[in-house]
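Visitor: Let me give you the structure first, and then I'll get to my questions.
There are 2 protein chains.
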Amino acid sequence: MEHVAARAGVSRALVSIVFRGVAGASEATRERVLAAARELDYRPDTRASRLGSSRTRTLGVTFSVGHAFHGDLLESLYTHADAAGYELVLSGVTPSRSEAAAVETLLAERCEGIILLGSSQDTARLERLAARLPVVSVLRPVARGEVGVVRTDDAAGLRLSVEHLHGLGHRRIALLDGGRTAGAAERRRGYRTAMRRSPTLTEVVLTGGVTELEGAEAARTFLGLGPRERPTAVAAFNDRCAIGFVDVVRQAGLHVPGDVSVVGFDDITEAGYPHVALTTVRQDAERLGAETVRTLADRLDGGSSDRGSGTTPPAPVVIEPELVVRASTAPATRHGARS
Amino acid sequence: MEHVAARAGVSRALVSIVFRGVAGASEATRERVLAAARELDYRPDTRASRLGSSRTRTLGVTFSVGHAFHGDLLESLYTHADAAGYELVLSGVTPSRSEAAAVETLLAERCEGIILLGSSQDTARLERLAARLPVVSVLRPVARGEVGVVRTDDAAGLRLSVEHLHGLGHRRIALLDGGRTAGAAERRRGYRTAMRRSPTLTEVVLTGGVTELEGAEAARTFLGLGPRERPTAVAAFNDRCAIGFVDVVRQAGLHVPGDVSVVGFDDITEAGYPHVALTTVRQDAERLGAETVRTLADRLDGGSSDRGSGTTPPAPVVIEPELVVRASTAPATRHGARS
DNA sequence: GTCCCAAACTAGAGCGCTCTAGTACCGATC
DNA sequence: GATCGGTACTAGAGCGCTCTAGTTTGGGAC
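As you go down the protein sequences, you meet chains A and B in turn. Here the working numbering is used: the first residue of the first sequence is 16, the next is one more, and so on. Here the working numbering is used: the first residue of the second sequence is 16, the next is one more, and so on.
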């Protein structure tokens, strides 16, 4: 910085002004400084600038590495954080690196807010963390308290699945359950609610999970059922699970959607490929990311005077999902409708 | 830090000594300081410590968010960086955030070295970057110069594929090509070499790519071929592409491996699922990560006196892949062997 | 010409650490 | 009792920025 200042014939302070993009430098000087910086291949040291200023203007994010939907969310987060004048600091969660450890490094970086994608930490820990600084849990609802929540209306999503299948004439509609994963309880609830609305519907719960593997296993259970008790349609916890299910069912010689209709959840990229063409409930990664940043930026930039913890707990942001109909669902056949 | 020092009744310098874990503090004091820190919920500010010390001890990593194999690599990188006393700074690449932008933020963080996972930057840029600081390109080979390379022996991998299929009696073995992706050229070369070793083998190249989508498209081309010219086996650029291919071929009523054998590349988690059971060439993410960190740590910690750029360009580290035989390959049938 | 004010610029004290060059103390040595 | 050597600890000057509180400059307005 010293060198750039010297080369441009100005003070260090002026260089700082130019690089922060604030008022207080003439157009001519601004260009002279930038030119000098370019010649010297200088770029401000982010560590030092964050140290010097009272605000770090960074948001920490924990995410599962290699998780496709988290990837979509990160893309959206990068865009909106940038627009709001924040930088993202990523901290990955892997089988050998716990979410708690990931959060620890974010705190040491002095992030101003923390974003947890699909957190698996218990509520008590989250509460404790939220007492220190603004936290938002994305995808996973947290009972109450200071933790911000941005999520899809999971229950509504499963209601969409069930209503779609019901509308196609299906009666035995199974839930391919997600177990203890973020959002699974809500989706289960949505399934139950929708199923109980109509007395003609029969509930069946198949144990599923988050990956294709569990979907495949559920498919074997499904195939083991007698034709009378076998569901004619399946509403899955998520797309990957649905895809695994479809794979195995097809390998067994059944047809999708001819013999069984399947609805996924998420609308991952793969679901849209022509050879998959999975009917699914879409989670809007773009909006989830946008709302997450907005929630945090609102609290941090505190439009009103009352920023800090004394304020009312942030209202959860719940985004409505949308049914995307593709080729994995069809009207119930006579055989199916009969059961 | 001030507060911790006061509470423990020592100087700030002593607190620093304790937290850096260096010699110079008695056991009793050490515990007293740690206790005080715990009570105050203090943790050192990483920005400030990096600023204060001459070394930042950080390695920057660019990766594609949501990319499954990059996830596996990150896991390994986290483990080995930690063991070598380095911290990782992640910078994600998304459709709207270029690799160049990702690198820019890493430079501004003053990382000591940069790790590029599956870089898509041109060689000239990489060279320029490597002139500034140690860089290693993982998965993608770079012609020569200062850029370090850690990769799988892609050519050998495809030779393994072809030899395996040849050994099963296949003659018409197609390459499901990866186009311009990192490593694709090498794999193409390996395929050609292996095919030309035996005059009985017939080369067929199908345009593929990196995702299931391209594999599915290639399958349609494949199905369009007459039975005489249709290959009896396919060596794919990667697992995802292979999986898309298999899906479509099966949906068309053909059997894998009965009618066509398929070999993937990478050995992603999904390939090992029982309902997929893809024969594939395994890339060892664990070792790739380990070697990457080792390469960088060697240069940075400069075992010998001559660290810096004057040194001999780092030799590329090439890791041998391994064939994992599962259920997507089988001996050529009479029909297949005849063609 | 004088006064005033905004715009353009600078000096220098932090930010929370690290790290060098010290001081204080204690037991062992002769 | 003076000297040594080593361990435990401290003072204080940076690290590369930010940011407050200035100082200087260049036009108008009268």
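Where a beta carbon is used, it is the ideal one built from N, C-alpha and C, also for glycine.
So that I know if they touch, is there some Cβ in chain B lying closer than 9 Å to that of G323(A)?
Guide: Reliability fails at G323(A), whose pLDDT of 45 lies under 50, so the model's placement of it is uncertain and the value that follows must be treated cautiously. Answer no: the Cβ-Cβ gap between G323(A) and chain B never drops below 9 Å.
Visitor: Counting only C-beta atoms, is S343(A) closer than 9 Å to chain B at any point?
Guide: No, S343(A) does not count as interfacial toward chain B.
Visitor: Looking at the strands, I want to know which residues DSSP matches up with V153(B).
Guide: Paired residue(s): L132(B), V165(B).
Visitor: At a Cβ threshold of 9 Å, is F84(A) touching chain B?
Guide: Judged by the 9 Å Cβ criterion, F84(A) is in contact with chain B.
Visitor: Reducing DSSP to helix, strand and coil, say where F252(A) ends up.
Guide: If DSSP states are grouped into helix, strand and coil, F252(A) belongs with coil.
Visitor: Can you tell me whether H270(B) is buried or exposed? The criterion is at least 16 other CB atoms within 10 Å of its CB, across all chains shown.
Guide: It counts as exposed.
Visitor: V19(B): buried (16+ other C-beta within 10 angstroms of its C-beta) or exposed?
Guide: Buried, by the Cβ-count rule.
Visitor: Figure out for me which residue from P214(A), V164(A), A292(A), A300(A) has the closest Cα to the Cα of H181(A).
Guide: When each option's Cα is compared against that of H181(A), the closest is P214(A).
Visitor: Measuring CA to CA, which of V162(A), I188(A), E337(A), R235(A) is closest to P331(A)?
Guide: The residue with the shortest Cα to Cα distance from P331(A) is V162(A).
Visitor: Short of 7 Å Cβ to Cβ, which residues in the stretch 56-67 of chain B face chain A?
Guide: From the stretch 56-67 of chain B, only R58, P59, D60, T61, R62, A63, R65, L66 have a Cβ closer than 7 Å to chain A.
Visitor: As an exercise, report each continuous beta strand (DSSP E) stretch of at least 3 residues that is fully enclosed by the stretch 180-246 of chain B, in chain order.
Guide: The qualifying runs are 187-192, 217-222.
Visitor: What's the C-alpha gap between V333(B) and V249(B)?
Guide: The straight-line gap from Cα to Cα measures roughly 25 Å.
Visitor: Let's test the definition: count the other Cβ atoms within 10 Å of the Cβ of D137(B) and tell me whether it reaches 16, buried, or not, exposed.
Guide: With fewer than 16 Cβ atoms within 10 Å of its Cβ, D137(B) is classed as exposed.
Visitor: Which chain B residues are close to H290(A), counting only those with a beta carbon under 7 Å from its beta carbon?
Guide: Near H290(A) (Cβ distances below 7 Å), the residues of chain B are A231, G259, D262, V263, Q266.
Visitor: Under 8 Å, CB to CB, which of the residues in the stretch 109-143 of chain A have a partner in chain B?
Guide: Correct list: T109, P110, S111, R112, E119, T120, L122, A123, E124, R125.
Visitor: Report back the beta-carbon spacing between A345(A) and G273(A) to the nearest angstrom; my notes put them in contact at under 8 Å.
Guide: Contact flag correct, Cβ pair sits at about 7 Å.
Visitor: Assign A28(B) to one of two classes, buried (16 or more other C-beta atoms within 10 Å of its C-beta) or exposed (fewer than that).
Guide: A28(B) is exposed by the Cβ-count criterion.
Visitor: Three-state secondary structure (DSSP) at R265(A)?
Guide: Three-state DSSP puts R265(A) in a helix.
Visitor: Whole angstroms is fine: what's the gap from S111(B)'s alpha carbon to V340(B)'s?
Guide: Whole-angstrom Cα-Cα distance: 38 Å.
Visitor: What separation, rounded to the nearest whole angstrom, lies between the Cα atoms of T226(A) and T196(A)?
Guide: Those two C-alpha atoms are separated by around 11 Å.
Visitor: Is there a Cβ of chain A sitting closer than 9 Å to that of D274(B), yes or no?
Guide: No, because no Cβ of chain A sits closer than 9 Å to the Cβ of D274(B).
Visitor: Would DSSP call I283(B) helix, strand or coil?
Guide: Coil, per DSSP.
Visitor: Considering only residues of the same chain and omitting the five flanking positions on each side of S91(B), which have a CB-CB separation below 6 Å?
Guide: Correct list, in chain order: A300, E301, G304.
Visitor: Are the beta-carbon atoms belonging to V263(B) and V275(B) less than 9 Å from one another?
Guide: No, the pair does not count as a contact, with Cβ atoms beyond the cut-off.
Visitor: Applying the criterion that 16 or more other CB atoms from any shown protein chain within 10 Å of the CB defines a buried residue, is S134(B) buried or exposed?
Guide: Buried: at least 16 other Cβ atoms inside 10 Å.
Visitor: May I ask you to list, following chain order, the residues of the stretch 225-257 of chain A that have a beta carbon less than 7 Å from some beta carbon of chain B?
Guide: For the stretch 225-257 of chain A, which is checked against every Cβ of chain B, the residues closer than 7 Å are E227, L228, A231.
Visitor: With three or more beta-carbon pairs closer than 8 Å as the criterion, would you say the stretch 277-288 of chain A touches the stretch 100-107 of chain A?
Guide: The stretch 277-288 of chain A vs the stretch 100-107 of chain A: no contact.
Visitor: Give every residue of the same chain whose Cβ lies closer than 6 Å to the Cβ of A51(A), excluding the five residues on either side of it in the sequence, and list them in chain order.
Guide: The answer, listed in chain order, is V19, R22, A23.
Visitor: Where does V37(A) sit, in a helix, a strand or coil, going by DSSP?
Guide: Coil, per DSSP.
Visitor: Taking Cβ positions, are L89(B) and G81(A) nearer each other than 9 Å?
Guide: Yes.
Visitor: Run down chain A in chain order and give the residues with a C-beta less than 7 Å from the C-beta of D281(B).
Guide: In chain order: nothing, as chain A lies at least about 12 Å away.
Visitor: Which class does S319(B) belong to by DSSP, given the choice of helix, strand or coil?
Guide: Because S319(B) carries a pLDDT of 43, less than 50, the predicted location of this residue cannot be relied on, and the following value inherits that uncertainty. Looking at S319(B) - three-state DSSP - the assignment turns out to be coil, as it is neither helix nor strand.
Visitor: Consult DSSP for R112(A) and reduce its assignment to one of helix, strand or coil.
Guide: The answer is strand: DSSP assigns R112(A) an E or B state.
Visitor: Would you say G279(B) and S343(B) are within 9 Å of each other, going by their C-beta atoms?
Guide: Yes, the Cβ-Cβ distance between G279(B) and S343(B) is below 9 Å.
Visitor: Does the Cβ-Cβ distance between L190(B) and L338(B) come in under 9 Å?
Guide: No, these two residues do not count as a Cβ contact at 9 Å.
Visitor: In its own chain, which residues sit with a C-beta less than 8 Å from the C-beta of R297(B), not counting the 5 before and 5 after it?
Guide: Hits under 8 Å: D281, D282, P336, E337, L338, V339.
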